[in-house]
Amino acid sequence: MFTIKKIERKIPEKTIQKKRVAAYARVSSGKEEMLHSLSAQISYYSSFIQSHSNWEYVGVYADEGITGTNSNRPEFQRLLTDARKGKIDLIITKSVSRFMRNTVELLEIVRELKSLNVDVYFEKENIHTMSGDGELMLTILASFAQEESRSVSENCKWRIRKNFSEGKLNGGQILGYDLIGDKLEINQNEAKIVQRIFQDFLAGMGKEKIAQRLNEEGIKTKRGNKWSPNSIAGILRNEKYTGQLKLQKTYVSDNLTKKKKKNRGQLPTYIVSENHPKIIDKETFDKVQKELEKRAKRYQPKQKPSKYPLTGLIQCGLCGKNYRRKINNIGTKYQRVIWICSTYNSKGKKECPAKQVPEDILLEENLKDIEKIIVKGDNTLLFIYKNGERRLKDVSKSS
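As numbered in the UniProt record's numbering, the sequence shown has no gaps in its residue numbers, which increase by one up to the final residue, 399.
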């Protein structure tokens, strides 16, 4: 007689997939109180994320002393790169303005992250970008954040320009002087270093050699850093050592990009004579300027003009490197000129999965009006024009 034995089916245990969570923090100033705030944010987010048992802590990405009006921030870019590599499910940040003040770029980034199933949660506004009304709320609040940034920037410009018109120095640290209130007073110990730099240069010593000797002697810059040829040049070209102030030598034309431009007559400049005690006499200063010009001509390398108008114009939106020109399938009927990310070209797709762009598409544009072309991760090109205008172009069908 046969018997039947029932073997119960095994129900597999459900594996709970932990949500991989990262945080983004930013302060716009490198001042001590701001850095303390950044440290507090990092500590808070580390503890907050790790207190959730169903979350996996990825890390806190933090930028210091960088404005939120554009996305060109090292830690912010690293965050986006990790999100694109599938390492993050949720990004937590304090507020819309901490993440991005530029409405257009904010929405582009949020949409890209959304397509990667990465949610962004803004604590202050209580917005999840993956929710139904998330983008609508975000658009409204980001517009307010951008307008606030513009308003603050205009107020700062007004205050700075008012100070310029009154002959007042706007902050800054100058070796050889201490700023007491709004007046520069000579710091005797530092003044000796300045005088030595001028004397050594006129004696025939180069900027690199001067920097090397100061570093060997343990002498630091005003900010406590090591000397470099550039910092020596900054001392030698600074007219303030003659007791004169030249104000508004540069200006910021666009509060979103924060890019400084040389003032070539676009705005008034202010020259204040005998504003403060001099460390270097005018005759010595003028001799140094002539010698700087003379040496610059002697050692100036002969620069060949770039063969290609797009060189230096195209930037990868994933890793931040420039694009370079390349010809595929040389000598065949399939020969094609493309522009490719430098990182992708040298290290491969694993390091940067950026797309290549056919040259003919780029040459359709009026290049003389364009300041930068950013190749986004979603097959779009962001054209940034010299007048501040921005435009997106879809190239998915062309690449």
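We put the beta carbon where it would ideally sit given N, CA and C, even for glycine.
* What separation, rounded to the nearest whole angstrom, lies between the Cα atoms of K297 and E283? -> Position 297 of the sequence shown, counting from 1, holds the residue named residue 297. Position 283 of the sequence shown, counting from 1, holds the residue named residue 283. Whole-angstrom Cα-Cα distance: 22 Å.
* To do: Kindly indicate which residue of P309, E293, R390 and G218 has the alpha-carbon position closest to the one of L236.
  => Against the sequence shown, residue 236 aligns to sequence position 236. If we check each option's Cα against that of L236, E293 comes out closest.
* To do: Counting only runs of 3+ residues fully inside the stretch 324 to 348, write out the beta strand (DSSP E) ranges in chain order.
  => 336 to 341
* Cβ separation of V21 and V60, assumed to be a contact under 8 Å, to the nearest whole Å -> The residue given as residue 21 occupies position 21 in the sequence shown. The residue given as residue 60 occupies position 60 in the sequence shown. Actually they are not in contact, since the Cβ atoms of V21 and V60 sit about 10 Å apart, beyond 8 Å.
* Asked: Would you call the stretch 310 to 320 and the stretch 348 to 357 touching, i.e. three or more CB-CB distances under 8 Å?
  -> yes
* Which of helix, strand or coil DSSP assigns to P61 -> Start at 1 with the first residue of the sequence shown, and residue 61 comes out as number 61. Reading off the sequence, residue 61 comes out as Tyr, not Pro. Strand.
* CB of G243 within 7 Å of CB of E274, strictly -> Walking along the sequence shown from the start, residue 243 turns up at place 243. Walking along the sequence shown from the start, residue 274 turns up at place 274. The answer is yes: Cβ separation under 7 Å.
* Asked: In whole angstroms, what separates the C-alpha of R111 from that of I91?
  -> Here residue 111 refers to the residue found at position 111 of the sequence shown. Here residue 91 refers to the residue found at position 91 of the sequence shown. Going by the C-alpha atoms only, they are around 14 Å apart.
* Asked: Which one of D286, N187 and R391 has the shortest CA to CA distance from V375?
  -> Looking up residue 375 in the sequence shown gives position 375. When only C-alpha atoms are compared, the closest one is R391.
* Specify the secondary structure class of Y45 as computed by DSSP and reduced to three states. => Looking up residue 45 in the sequence shown gives position 45. Reduced to three states, the DSSP call for Y45 is helix.
* Does DSSP put K226 in a helix, a strand or coil? -> Position 226 of the sequence shown holds residue 226. The answer is coil: DSSP assigns K226 none of H, G, I, E or B.
* Could you check if Q41 is buried or exposed, using at least 16 other CB atoms within 10 Å of its CB as the buried criterion? => Working through the sequence shown from its first residue, we reach residue 41 at position 41. By the neighbour-count rule (16 or more Cβ atoms within 10 Å), Q41 is buried.
* In the structure shown, what three-state DSSP assignment does D82 receive? -> Numbered from 1 along the sequence shown, position 82 holds the residue referred to as residue 82. It is helical.
* Asked: CA-CA distance, I370 and V96?
  -> In the sequence shown, counting from the first residue as 1, residue 370 sits at position 370. In the sequence shown, counting from the first residue as 1, residue 96 sits at position 96. The alpha-carbon atoms of I370 and V96 are separated by roughly 28 Å.
* DSSP state of E166, grouped into three classes? -> In the sequence shown, counting from the first residue as 1, residue 166 sits at position 166. Reliability fails at E166, whose pLDDT of 48 lies under 50, so the model's placement of it is uncertain and no value is given.
* Asked: In whole angstroms, what separates the C-alpha of R73 from that of E291?
  -> For this step, residue 73 is matched to residue 73 along the sequence shown. For this step, residue 291 is matched to residue 291 along the sequence shown. So the alpha carbons of these two residues sit roughly 38 Å apart.
* Asked: Can you tell me the Cα-Cα spacing of S39 and V337, whole angstroms?
  -> Translated into positions along the sequence shown, residue 39 becomes position 39. Translated into positions along the sequence shown, residue 337 becomes position 337. Cα-Cα distance, rounded: 48 Å.
* Asked: What's the call for I4, buried or exposed, on a 16-neighbour Cβ count within 10 Å?
  -> As a position in the sequence shown, residue 4 is number 4, starting the count at 1. The residue in question, I4, is exposed, as its Cβ has fewer than 16 Cβ neighbours within 10 Å.
* Starting from the Cα of T311, find the closest Cα among W339, R78, L179 and I127 and give me that residue. => The residue labelled residue 311 in the question sits at position 311 within the sequence shown. Closest by alpha carbon: W339.
* Does the count of Cβ pairs from the stretch 77 to 84 and the stretch 358 to 370 closer than 8 Å reach three? -> no
* Nearest to K183 by CA position, among E105, K240 and S51, is which residue? -> Numbered from its first residue, the sequence shown carries residue 183 at position 183. Residue K240 is the option with its Cα nearest to K183.
* Any idea if S231 is buried or exposed, counting beta-carbon neighbours within 10 angstroms, 16 or more meaning buried? -> The residue labelled residue 231 in the question sits at position 231 within the sequence shown. Result: buried.
* **Nearest residue (CA-CA) to F76, options K226, L106, Y44 and G204** => For this step, residue 76 is matched to residue 76 along the sequence shown. When each option's Cα is compared against that of F76, the closest is L106.
* Asked: Just curious, the alpha helix (DSSP H) that R98 is in, first and last residue?
  -> Sequence index remark: in the sequence shown, residue 98 carries index 98 (1-based). From DSSP, the alpha helix (DSSP H) with R98 extends over V96 to F99.
* Asked: Any idea which residues DSSP pairs I373 with across the strands?
  -> Position 373 of the sequence shown, counted from the first residue, corresponds to residue 373. Answer is I314 and F383.
* **Proximity winner among M130, T93, M100 and F99, relative to E123 (alpha-carbon distances)** => The residue labelled residue 123 in the question sits at position 123 within the sequence shown. Of the candidates M130, T93, M100 and F99, the one whose C-alpha sits nearest the C-alpha of E123 is T93.
* To do: Could you tell me which residues DSSP puts in a beta bridge with I280?
  => To locate residue 280, count along the sequence shown from 1; it is residue 280. For I280, which the question treats as bridged, DSSP gives no partner whatsoever.
* Can you name the residues that DSSP bridges to V118? -> Numbered from its first residue, the sequence shown carries residue 118 at position 118. In the DSSP output, where bridge partners are listed per residue, V118 has none listed.
* To do: Take residue 434 and list the residues in its own chain whose beta-carbon comes closer than 8 Å to its own, dropping the five residues that flank it on each side.
  => Residue 434 lies beyond the range of the chain shown here (1 to 399); nothing can be said about it.
* Asked: Grouping DSSP H, G and I as helix and E and B as strand, with all else coil, what is P74?
  -> As a position in the sequence shown, residue 74 is number 74, starting the count at 1. Residue state, collapsed to three classes: helix.
* Asked: Quick one: Cα of W227 to Cα of L202, how far?
  -> Reading the sequence shown from its first residue, position 227 is the one you call residue 227. Reading the sequence shown from its first residue, position 202 is the one you call residue 202. Rounded to whole angstroms, W227 to L202 spans 18 Å at the Cα level.
* Integer Cβ distance of L175 from I186, believed to fall under 8 Å -> Looking up residue 175 in the sequence shown gives position 175. Looking up residue 186 in the sequence shown gives position 186. In fact, because the Cβ distance is near 11 Å, the residues do not count as touching under 8 Å.
* Asked: What span of residues does the beta strand (DSSP E) with D394 cover, start to end?
  -> As a position in the sequence shown, residue 394 is number 394, starting the count at 1. R390 to D394 is the extent of the beta strand (DSSP E) around D394.
* To do: Could you check what DSSP says for I4 in three-state terms: helix, strand or coil?
  => Within the sequence shown, numbered from 1, the residue matching residue 4 stands at position 4. Reduced to three states, the DSSP call for I4 is coil.
* Which stretch, first to last residue, makes up the alpha helix (DSSP H) that contains K192? -> In the sequence shown, counting from the first residue as 1, residue 192 sits at position 192. Start and end: Q188 to L202.
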